[in-house]
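Numbering (UniProt numbering), first residue to last: 1 to 251. Where is the CB? At the ideal position from N, CA and C, for every residue including glycine. Structure first, then comments.
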């Protein structure tokens, strides 16, 4: 007989977009939006632990850069990926833009988000605030609501401007929904926008992580990526190699 999962409600707030909840189940805490739509999962003992393949795949996108110093997160959630990047990458300046003011507060209060001096959090709409963000070596797009991807995930000018905000040699990492055929949502738009010059990493949660370089002549150094991921594995506590093997050119 399996042990019954006992949920404890730690916090619940209502804002103009709906309900936000923080739940605890055994060693994990969850950030939920709306009607039990899980946004983030945090391993309480180590908030930088990436539980899901899609977050690990986004970290792989970050490792495409040899020496990133700056990062911009569009969508913060519980901040697990932000924490992992601050812990495992040589970052000096990190900016996060989060739509809902209660999310950063709950992340700090209940989900182990560190008050790191390198991290600057702004509250507001990423589509409006992007142009005032500092250019970065890494930009992460993860704008999900309780009904799926935010409008930015299919907004041509926004996605184009994300790439333009990259420093030379930078990488844009997008957590995109997958359609039933395993392609990223908006595949035709993405192919046109980025001239088919990006890579895809499908994951079992039903997402495809897009890894987009800042320039057309910038290539993905797979060998270097493997070496960096291997070197990091003992500190991470897991290997990224099986995910790296799933990287494919744009479909």
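Check: Hey, would you say residue 102 sits closer than 8 angstroms to residue 37, going by beta carbons?
Finding: Numbered from its first residue, the chain shown carries residue 102 at position 102. Numbered from its first residue, the chain shown carries residue 37 at position 37. No; because the gap between Cβ atoms is not below 8 angstroms, this pair is not in contact.
Next item on the list: Round the Cβ separation of residue 91 and residue 69 to the nearest angstrom and send it over; I've been treating them as touching at under 8 angstroms.
Entry: Residue 91 sits at position 91 when you count from the first residue of the chain shown. Residue 69 sits at position 69 when you count from the first residue of the chain shown. Yes, residue 91 and residue 69 are in contact; Cβ-Cβ is about 6 angstroms, under 8 angstroms.
Notebook entry, point to check: For residue 187, which residues from the same chain have a beta carbon less than 7 angstroms from its beta carbon, with the 5 sequence-adjacent residues on both sides left out?
Noted result: In the chain shown, counting from the first residue as 1, residue 187 sits at position 187. Counting only Cβ-Cβ distances below 7 angstroms, and skipping sequence neighbours, we find 251.
Note to self: I'd like the ranges of any beta strand (DSSP E) spanning at least 3 consecutive residues and lying wholly in the segment 22-52.
What the structure shows: 28-33 and 37-43
Notebook entry, point to check: residue 88 and residue 236: beta carbons closer than 8 angstroms?
Noted result: Taking the chain shown and counting its residues from 1, the one referred to as residue 88 is at position 88. Taking the chain shown and counting its residues from 1, the one referred to as residue 236 is at position 236. In this structure, residue 236 lies closer than 8 angstroms to residue 88 by Cβ.
Item checked: CB contact flag (residue 9, residue 111, <8 angstroms) -> Reading the chain shown from its first residue, position 9 is the one you call residue 9. Reading the chain shown from its first residue, position 111 is the one you call residue 111. Not in contact: residue 9 and residue 111 (Cβ atoms no closer than 8 angstroms).
Next item on the list: Mind checking who residue 15 pairs with in its DSSP beta bridge?
Entry: For the purposes of this step, residue 15 is taken as the residue at position 15 of the chain shown. Answer is 18.
Notebook entry, point to check: Which word fits residue 184, buried or exposed, when buried means at least 16 other C-beta atoms lie within 10 angstroms of its C-beta?
Noted result: Looking up residue 184 in the chain shown gives position 184. Buried, since its Cβ has 16 or more Cβ neighbours within 10 Å.
Check: Using a Cβ-Cβ cut-off of 7 angstroms (strictly less than) and excluding sequence neighbours within five positions of residue 244, which residues of its own chain qualify?
Finding: As a working mapping, residue 244 is identified with position 244 in the chain shown. Taken in chain order, the residues that qualify are 60, 225, 226 and 229.
Margin query: Which residue marks the beginning of the alpha helix (DSSP H) containing residue 104, and which one marks its end?
Written below: Against the chain shown, residue 104 aligns to sequence position 104. Unbroken alpha helix (DSSP H) run through residue 104: 102-110.
Checklist line | In DSSP terms, what residue 247 is bridged to | finding: Looking up residue 247 in the chain shown gives position 247. Per DSSP, none; premise fails for residue 247.
Next item on the list: Would you kindly report the start and end of the unbroken beta strand (DSSP E) that includes residue 216?
Entry: On the chain shown, position 216 is the one that residue 216 refers to. No beta strand (DSSP E) holds residue 216; DSSP gives it neither H nor E.
Check: Between residue 41 and residue 220, is the Cβ-Cβ spacing less than 8 angstroms?
Finding: The residue given as residue 41 occupies position 41 in the chain shown. The residue given as residue 220 occupies position 220 in the chain shown. No, Cβ-Cβ distance for residue 41 and residue 220 is not below 8 angstroms.
Margin query: Alpha carbons only, please: which of 58, 109, 71 and 56 is nearest the one belonging to residue 135?
Written below: Locating residue 135 in the chain shown gives position 135, counting from the first residue. Ranking the options by Cα distance to residue 135, first place goes to 71.
Next item on the list: Let me know if residue 176 comes out buried or exposed under the rule of 16 or more other beta-carbons within 10 Å of its beta-carbon.
Entry: Residue numbering aside, residue 176 sits at position 176 when the chain shown is read from its first letter. Buried, because 16 or more other Cβ atoms sit within 10 Å of the Cβ of residue 176.
Notebook entry, point to check: Helix, strand or coil: which one does DSSP assign to residue 197?
Noted result: Mapped onto the chain shown, residue 197 falls at position 197. Here residue 197 sits in coil by DSSP.
Check: Over what stretch of residues does the beta strand (DSSP E) that includes residue 70 continue unbroken?
Finding: In the chain shown, residue 70 corresponds to position 70, counting from 1. 70-74 is the extent of the beta strand (DSSP E) around residue 70.
Check: If we call anything under 8 angstroms between Cβ atoms a contact, is residue 95 one with residue 56?
Finding: On the chain shown, residue 95 is found 95 positions in, with the first residue counted as 1. On the chain shown, residue 56 is found 56 positions in, with the first residue counted as 1. In this structure, residue 56 does not lie closer than 8 angstroms to residue 95 by Cβ.
Check: Would you call the segment 190-202 and the segment 156-176 in contact, with 3 or more CB pairs under 8 angstroms?
Finding: yes
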